[in-house]
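Trainee:
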Amino acid sequence: MPGLGEQIGRLLLTAGFLLILLGGLLIALSKIKFINLGRLPGDIFIQKGNYSFYFPIITCLLLSILLTILVNCLFRK
Numbered sequence: 023m024p025g026l027g028e029q030i031g032r033l034l035l036t037a038g039f040l041l042i043l044l045g046g047l048l049i050a051l052s053k054i055k056f057i058n059l060g061r062l063p064g065d066i067f068i069q070k071g072n073y074s075f076y077f078p079i080i081t082c083l084l085l086s087i088l089l090t091i092l093v094n095c096l097f098r099k
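Residue numbering for the sequence shown follows the working numbering, beginning at 23 and increasing consecutively.
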């Protein structure tokens, strides 16, 4: 039976690998202009002089919904 440290290590490696895959997919999709994540209507962008503030609230909500559906489909018993 693997120890707690080994289990956490495997979890972190798996999460990191999944993040790399997701990042690569998003980069590839942005190159072919399939979806314009980060520039959706409702994302907040404020620019005044030297200062700019960006908060992609709608993009975050959309990704949260999609990931929730994906995780529920994958891990449902």
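Here a beta-carbon is modelled for each residue, glycine too, at the ideal position from N, C-alpha and C. As the structure is a computational prediction, the values presented were derived from the model and not from experiment.
Do you know how far the Cα of A37 is from the Cα of Q69?
Mentor: Numbered from 1 along the sequence shown, position 47 holds the residue referred to as residue 69. Numbered from 1 along the sequence shown, position 15 holds the residue referred to as residue 37. Cα to Cα, the separation comes out at about 34 angstroms.
Trainee: Can you tell me whether DSSP reads I49 as helix, strand or coil?
Mentor: Position 27 of the sequence shown holds residue 49. Helix.
Trainee: Would you check if the distance between the CB atom of L62 and the CB atom of L84 is smaller than 9 angstroms?
Mentor: In the sequence shown, residue 62 corresponds to position 40, counting from 1. In the sequence shown, residue 84 corresponds to position 62, counting from 1. It is a contact, given that the beta carbons lie within the stated cut-off.
Trainee: Pick helix, strand or coil for I54, following the three-state DSSP scheme.
Mentor: Walking along the sequence shown from the start, residue 54 turns up at place 32. I54 falls in the coil class under three-state DSSP.
Trainee: Quick check: the Cα distance between I42 and Y73, rounded to an integer number of angstroms?
Mentor: For the purposes of this step, residue 42 is identified with residue 20 of the sequence shown, where counting begins at 1. For the purposes of this step, residue 73 is identified with residue 51 of the sequence shown, where counting begins at 1. Each residue's Cα considered, the two are about 31 angstroms apart.
Trainee: For I87, is the beta carbon positioned less than 8 angstroms from some heavy atom of the ligand MN?
Mentor: As presented, the structure is devoid of all ligands, the ligand MN included, so that no description of it is given.
Trainee: How close, in whole Å, do the beta carbons of I87 and D65 come, if the pair is a contact with beta carbons under 8 angstroms?
Mentor: Locating residue 87 in the sequence shown gives position 65, where the first residue counts as 1. Locating residue 65 in the sequence shown gives position 43, where the first residue counts as 1. In fact, because the Cβ distance is near 15 angstroms, the residues do not count as touching under 8 angstroms.
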